[in-house]
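Below: the structure, in C-alpha cells.
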C-alpha cells in the first residue's frame, strides 16, 4: 500500500456535474450524492472492521464478568486469575508493534487473523477456567491484549485505505460515531450484572462462533475490493496529502509495502503536527468520565445530533462552506483544552465542590470532549495516511505512559497529595 493509497468501486465514483434545474431536482441530486458518498464499499468495509473489533470487546468484557462472578463465589483465586492486568499489559505493549505490523504487511489479512486469534484465546480461557496454570493464563491474557491492540490500530489504516477523506471534517463523522458507540457499548456491558455465570459462558462462546462467518465475509469483501485502486500522489509526512487522483486498474498485483527501516521514525519525532497530537493526548483529563451520571444519556443524544448534522451538512453544503477544516479542528481542540485548564484550575484552588455539584459545567466538559474528537483525534489520518496506524500506536502509548509515570512525577514535584475525587 503506497502512501495515501485507497481503494474504490463503482459506488465511490462521484456523479458528474449536473446542469442547473428546478429546486426539487437539485435537492434530489444532493440526496443521491449523499447516498453515493456514504453508502459504498469503503464505508461498508470500515463498518465490517469495526464489527470485528466490537466482537473482540464484547468477548473481553464477558470474560471479565465471568472472572468477577467466580471471584465473588470464591471459585477462583483472583491473585492468580488476574486476567485484566495481563490483558492491559499486552494491549499497551502491542500498540506500536501492531501499528508497524499492519504497515509492513497487508492490513486486511492482519486484522482478520488478529480477530480470529483473539476469539480462540477467549474461548480457550473460558473453557479452561480452574484448570490453567499461571503461565498459560498470563500467555492467553497477554496474547488477547496484543491482538486487540493490533485490531485497534489497524482500523485507522483501514479507514485511510478505503475512504478518501479529502480533509473534510464531516467525512470523519462515521469514525467518531464508532468511537462513541464503542464507549456506549462498554458502559452498557459494564453495568450489566452477571447473575448466572453460565449465561456469560454462552455469550462468549456464541461470539466466538460468530467470528467464523465474520472472517469469511471479511476475506471475501476485501479480496474482491482489491481489484481496483485509487492512488493519492504527491504525499508527504509534514505537509499532508495532495489528493489529486489517478485511477489505475490492478488485477492480481499487490501494492508495494514498506519495510520497518523505511518507516520515517525520525520524521515522526521532528514533525510538529505529530508532536502537537502527542502532547494533546498527554493532556487529556479522564477524571470527568469516572462517575458522571448523565454520561450514558448525553452520549446517546450526541450520536443522534451528529447523524442529523451530517445529513444536513451534505444536503445543504452552504452550512459548512465558509468553515475550513483547519479552523474547525483548531476550534474544537482549543475549546476542549481551555475547559480542561479551567477544570485543573478549580482543582488546584480547592473549588472542587463547585465542579462536583455543577451538572451544567460537567455536561459542558463532556460535550466538548465529544466534539474535540473532530480535532486532534483525527489529525493523524491525513498527516500521513500510510502510517496512520504507527502514529496512532505511538500516540496511545505515550498517553498510557503519561498516565502511569508522568502524573505521579508531577504530583511528587509539586509536593501535593493525591486526592481521589468523586463526580
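Numbering (the UniProt record's numbering), first residue to last: 1 to 423.
For glycine and all other residues, C-beta sits at the position ideal for the given N, C-alpha and C.
All of these numbers come straight from a predicted model, not from anything done at the bench.
* Asked: In the segment 29-53, which residue ranges form an unbroken alpha helix (DSSP H) of at least 4 residues, counting only runs that do not cross its ends?
  -> none
* Hey, out of 303, 140, 134 and 273, whose CA is closest to residue 124's CA? -> 140
* Give a yes or no on contact between the segment 360-371 and the segment 257-266, applying the rule of three or more CB pairs nearer than 8 Å. => no
* Take residue 178 and list the residues in its own chain whose beta-carbon comes closer than 7 Å to its own, dropping the five residues that flank it on each side. => 50
* Asked: Who are the near neighbours of residue 416 in its chain, counting only those whose CB is closer than 7 Å to its CB and skipping five residues on each side?
  -> Reliability of the predicted coordinates at residue 416 is poor, the pLDDT of 49 falling under 50, and no value is obtained from them.
* Is it true that the CB of residue 173 sits closer than 7 Å to the CB of residue 257? -> no
* Asked: Apart from the five residues on each side of it in sequence, which residues of its chain come closer than 7 Å, Cβ to Cβ, to residue 108?
  -> 222
* Neighbourhood of residue 101 by C-beta distance below 7 Å, restricted to the same chain and skipping five residues each side -> 110 and 150
* How many whole angstroms separate the CB atoms of residue 87 and residue 155, which I take to be in contact at a CB cut-off of 8 Å? -> That belief does not hold up - the Cβ atoms of residue 87 and residue 155 are roughly 18 Å apart, past 8 Å.
* Asked: Is the CB of residue 140 under 7 Å away from at least one CB in chain B?
  -> No chain B is present in this structure, which holds just one protein chain.
* **Reduced DSSP secondary structure (H/G/I, E/B, other) of residue 128** => coil
* What's the call for residue 291, buried or exposed, on a 16-neighbour Cβ count within 10 Å? -> A caution first: residue 291 carries a pLDDT of 48, below 50, which makes its placement in the model too unreliable to give a value.
* To do: Could you please give the first and the last residue of the uninterrupted alpha helix (DSSP H) stretch that includes residue 396?
  => 388-401
* Asked: Measuring CA to CA, which of 91, 54 and 46 is closest to residue 393?
  -> 91
* By a C-beta neighbour count over all protein chains shown, 10 Å radius and 16 as the cutoff for buried, is residue 338 buried or exposed? -> exposed
* Alpha carbon to alpha carbon, how far is residue 370 from residue 377? -> 10 Å
* To do: Assuming residue 282 and residue 95 form a contact by the criterion Cβ under 8 Å, report the distance between their Cβ atoms to the nearest whole angstrom.
  => Actually they are not in contact, since the Cβ atoms of residue 282 and residue 95 sit about 15 Å apart, beyond 8 Å.
* Asked: In whole angstroms, what is the alpha-carbon distance linking residue 99 and residue 336?
  -> 27 Å
* **Supposed contact pair residue 45 and residue 214 - C-beta distance, whole angstroms, cut 8 Å** => Rounded, the Cβ-Cβ distance is 13 Å, inconsistent with contact.
* Just list the alpha helix (DSSP H) runs in the segment 81-148, keeping only unbroken ones of 4 residues or longer that don't cross its boundaries, in chain order. => 83-104 and 107-127
* **Own chain residues within Cβ distance below 8 Å of residue 117, not counting five before or after** => 143 and 147
* Asked: Which of helix, strand or coil does DSSP assign to residue 323?
  -> coil
* List the endpoints of the continuous alpha helix (DSSP H) containing residue 268. => 265-270
* Secondary structure of residue 375, DSSP reduced to three states -> coil
* For the alpha helix (DSSP H) holding residue 186, just list the boundary residues, first then last. => 173-190
* Asked: Taking the C-alpha atoms as reference points, what is the distance between residue 208 and residue 97?
  -> 25 Å
* Asked: What's the C-alpha gap between residue 323 and residue 368?
  -> 18 Å
* To do: Can you have a look at residue 431 and say buried or exposed, based on whether 16 or more other CB atoms are within 10 angstroms of its CB?
  => Past the boundaries of the shown model lies residue 431; the chain is included only from 1 to 423, so the question cannot be answered.
* Out of curiosity, what's the CA-to-CA distance linking residue 112 and residue 301? -> 32 Å
* With residue 299 and residue 180 assumed to form a contact (beta carbons below 8 Å), what rounded beta-carbon distance in angstroms separates them? -> 6 Å
* Taking residue 202 as the reference, which of 38, 126 and 69 has the closest Cα? -> 126
* When we look at the beta-carbon of residue 472 and count the other beta-carbons within 10 Å, is it buried (16 or more) or exposed? -> No statement about residue 472 is possible, as the shown extent of the chain runs from 1 to 423 and does not include it.
* Asked: Under the three-state reduction of DSSP, which class applies to residue 284: helix, strand or coil?
  -> coil
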